[in-house]
Amino acid sequence: MITTAPLDGPAVNKAGSPRLLIVEDHPLFRAALIGVIGAEFPEAEVLQATSIDGALDIVAARDGLDLILLDLSMPGTTGLLGAYRVRAAAPRSALVIVSAHDDSRIIGSAIALGISGYIPKSTPKSELARLLRNILEGGISLPTRFRDAAAARKGQADTRELIQRLGQLTSQQLRVLDMICRGLQNKHIAYELDISVTTVKVHVSEILRKLDVRSRTEAIIALSQLDFGKHDHAPTTPARGDDS
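Using the UniProt record's numbering, the first residue of the sequence shown is number 1, and each one after it goes up by one.
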């Protein structure tokens with residue numbers, strides 16, 4: 001069951017048609033979301049991305065996104081780090097996590113990011129339409145049991161300090177950090193970003209300094225707080241800081 005509540009401040013939706021971004025790599029669920037939005041908001045502009053980097057490209061190119069619907073299980077990112085990157089790039093847009101995951105720690109950490117909603121993928125279409133309208137009108141929608149649950153508060157407390165440290169990173173450093181957590185070596189990161197290995201090493205050094213960790217492996221462990229409290233996405237071989 002989902003419950004809704006008003007937020008302080010003005011409504012998210014401005015005069016005119018809403019502009020929404022769907023960040024979802026599964027074509028069937030993406031089509032289902034588009035169908036719900038089209039039926040409830042026939043004048044809405046719906047943009048689509050199938051990766052975090054694609055979503056960030058759209059955010060950079062388009063002003064005035066009212067609502068971003070984001071699946072947690074996206075390629076090219078780990079856990080909630082992708083959601084954090086989108087949140088940092090679009091702080092004025094309502095961010096809603098739409099996920100198959102239903103875990104207290106995940107939702108608690110997501111709340112700490114300042115999301116406007118956490119909606120299970122199993123939500124019926126009619127209920128989903130109502131929740132989206134509430135969020136566009138300035139509300140917040142969370143599973144009922146997490147509104148004031150101790151588990152949610154603990155997730156927020158555990159994540160808050162890490163989020164403050166992540167706030168010191170540039171967008172490029174966040175992208176490099178995401179690649180580190182995926183187990184990519186410096187030479188692979190350099191290739192993906194079309195920059196030199198030396199530049200990657202500079203980014204890595206700054207990332208470690210700002211996160212107050214001594215190695216890439218410690219950074220991955222620290223980021224596990226945004227990765228569902230697990231190490232599922234840690235590299236299978238030790239991550240080294242001096243690879244080339």
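Positions of the beta carbon are idealized from the N, C-alpha and C atoms, including for glycine.
CB of residue 20 within 8 Å of CB of residue 69, strictly
Yes, Cβ-Cβ distance for residue 20 and residue 69 is below 8 Å.
Candidates 112, 108, 107, 116: which alpha carbon is nearest residue 94's?
Here the closest residue by C-alpha is 116.
Residue 245 classed as buried or exposed, judged by whether at least 16 other C-beta atoms fall within 10 angstroms
There is simply no residue 245 to check, as the chain begins at 1 and stops at 244 in what is shown.
Roughly how many angstroms lie between the CA atoms of residue 193 and residue 46, to the nearest whole one?
Going by C-alpha positions, residue 193 is about 28 Å away from residue 46.
Nearest by alpha-carbon distance to residue 24: which of 51, 18, 36 is it?
Of the residues 51, 18, 36, the one whose Cα lies closest to the Cα of residue 24 is 51.
Residue 267 in three-state terms, based on DSSP
Absent from the model: residue 267. The displayed extent of the chain is 1 to 244, so no value can be given.
Contacts around residue 56, its chain only, beta-carbon distance under 8 Å, and the 5 residues preceding and following it disregarded:
These residues qualify, in order along the chain: 85, 86, 89, 171.
How far does the alpha helix (DSSP H) with residue 27 in it extend, from its first residue to its last?
Counting along the chain, the alpha helix (DSSP H) containing residue 27 begins and ends at 27 to 40.
Look up residue 96 in the DSSP assignment and give the residues it is bridged to.
Bridge partners of residue 96: 69, 117.
In its own chain, which residues sit with a C-beta less than 8 Å from the C-beta of residue 188, not counting the 5 before and 5 after it?
Excluding sequence neighbours, residue 188 sits near 179.
Which residue's Cα is closest to the Cα of residue 105: 41, 71, 159, 138?
Looking only at 41, 71, 159, 138, the smallest Cα-Cα distance to residue 105 is reached by 159.
Tell me whether residue 215 sits in a helix, a strand or coil according to DSSP, three-state version.
In the structure shown, residue 215 sits in coil (DSSP, three-state: anything other than H, G, I, E or B).
Which ranges would you report for the alpha helix (DSSP H) in the segment 122 to 210 if only whole runs of at least 4 residues count?
Segments of the alpha helix (DSSP H) lying fully in the segment 122 to 210: 125 to 136, 150 to 166, 171 to 181, 186 to 193.
Output needed for residue 60: all residues of its chain with C-beta closer than 8 Å, excluding positions within five of it in sequence on either side, in chain order.
Counting only Cβ-Cβ distances below 8 Å, and skipping sequence neighbours, we find 89.
So, are the CB atoms of residue 173 and residue 206 less than 8 Å apart?
In this structure, residue 173 lies near residue 206, with their beta-carbon atoms less than 8 Å apart.
If contacts are defined as beta-carbon pairs under 8 Å, then residue 100 and residue 121 qualify, I think. What distance do you get, rounded to the angstrom?
By a beta-carbon distance limit of 8 Å, residue 100 contacts residue 121. Their separation comes to about 5 Å.
Closest to residue 130 by CA distance: which of 29, 28, 33 is it?
Of the candidates 29, 28, 33, the one whose C-alpha sits nearest the C-alpha of residue 130 is 33.
So what's residue 85 in DSSP terms, helix, strand or just coil?
Residue 85 falls in the helix class under three-state DSSP.
Among residues of its own chain, excluding the 5 on either side of residue 44, which ones have a beta-carbon nearer than 8 Å to its beta-carbon?
Here the set comprises 17, 18, 19, 20, 37, 38.
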